[in-house]
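Here is the structure we will look at.
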Amino acid sequence: MAVFEGTFTQTEPLRFAVVIGRFNDLVTGKLLEGCQDCLKRHGVDPNPQGNQVDYVWVPGSFEVPLVARQLALSHRYDAVICLGAVIRGQTPHFDYVSAEVSKGIAAASFQTGVPVIFGILTVDTMQQALERAGIKGNHGWDYALNALEMASLMRQLRSNLAEPYSRNSQALPASFQSASIGNLTAESEELG
């Protein structure tokens with residue numbers, strides 16, 4: 001048996017997309033700074049003109065999952081980082097937005113097989129949001145670290161799980177023996 005665990009090294013080949021909700025940009029801008037700092041300190045070039053990180057701004061957190069799913073479906077990225085801030089008000093709006101954003105981000109990851117990192121702050125007050133975006137610590141850093149680890153882990157899993165099929169095609173059913181793992185991957189991507 002084996003143990004698989006993501007690492008924070010060998011980041012040169014990794015590509016990321018960051019989706020940022022513009023609403024509450026005082027908070028999301030700080031989360032983005034923390035995210036970029038973490039990526040840079042781990043060897044990723046966060047420059048938008050570079051070739052490792054693309055940035056997409058959307059109106060608010062509610063729009064983040066749709067764009068994150070589209071980016072993940074492109075299979076150009078090893079992980080998609082979602083940044084946003086939903087702050088409770090005096091109406092039930094907070095509950096609806098928080099629930100749908102959570103479900104949407106999870107669905108994007110499940111449907112595409114690409115790690116989609118939940119970096120949406122859901123807090124009661126602006127003070128709580130600011131504390132999590134730089135005053136007491138910056139969760140943007142944590143979200144980037146999660147993306148690095150998951151991107152690395154998924155590369156390991158894809159590499160190691162595909163290996164037995166290429167080494168041991170006799171173990172496959174007869175209908176699959178003539179198909180290569182590359183063809184199976186391409187077919188599953190077309191279906192997904």
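All residue numbers for the sequence shown refer to full-length UniProt numbering, where the first residue is 1 and numbers rise by one. Where a beta carbon is used, it is the ideal one built from N, C-alpha and C, also for glycine. Bear in mind the structure is a predicted one, so any value in this text is a computation, not a measurement.
{"query": "Length of the line joining the Cα atoms of residue 7 and residue 158", "result": "15 Å"}
{"query": "CA-to-CA distance, residue 143 to residue 95, given in whole angstroms", "result": "22 Å"}
{"query": "Residues near residue 156 by beta carbon distance below 6 Å, same chain, minus five either side", "result": "4"}
{"query": "Length of the line joining the Cα atoms of residue 113 and residue 140", "result": "22 Å"}
{"query": "Per-residue DSSP class, three states only, for residue 138", "result": "strand"}
{"query": "When 132, 51, 160, 78 are compared against residue 28, the one with the closest alpha-carbon", "result": "132"}
{"query": "Residue environment, residue 117, which counts as buried when at least 16 other CB atoms sit within 10 Å", "result": "buried"}
{"query": "Boundaries of the beta strand (DSSP E) in which residue 96 is found, first to last residue", "result": "That residue, residue 96, is in no beta strand (DSSP E); its alpha helix (DSSP H) goes 93 to 112."}
{"query": "Sequence ranges, alpha helix (DSSP H) only - wholly within the region 33 to 95, length at least 4", "result": "64 to 73"}
{"query": "CB contact flag (residue 18, residue 62, <9 Å)", "result": "no"}
{"query": "Residue 28 - DSSP class collapsed to helix/strand/coil", "result": "helix"}
{"query": "Three-state secondary structure (DSSP) of residue 10", "result": "coil"}
{"query": "Buried versus exposed call for residue 2 [16 or more other C-beta atoms within 10 Å across all chains shown]", "result": "exposed"}
{"query": "Same chain only: Cβ atoms within 6 Å of residue 38, ignoring 5 sequence neighbours per side", "result": "141, 144, 145"}
{"query": "Residues sharing a beta bridge with residue 122, DSSP", "result": "86"}
{"query": "Residue 33 and residue 134 closer than 9 Å at C-beta", "result": "yes"}
{"query": "Proximity below 9 Å, CB of residue 71 to CB of residue 54", "result": "yes"}
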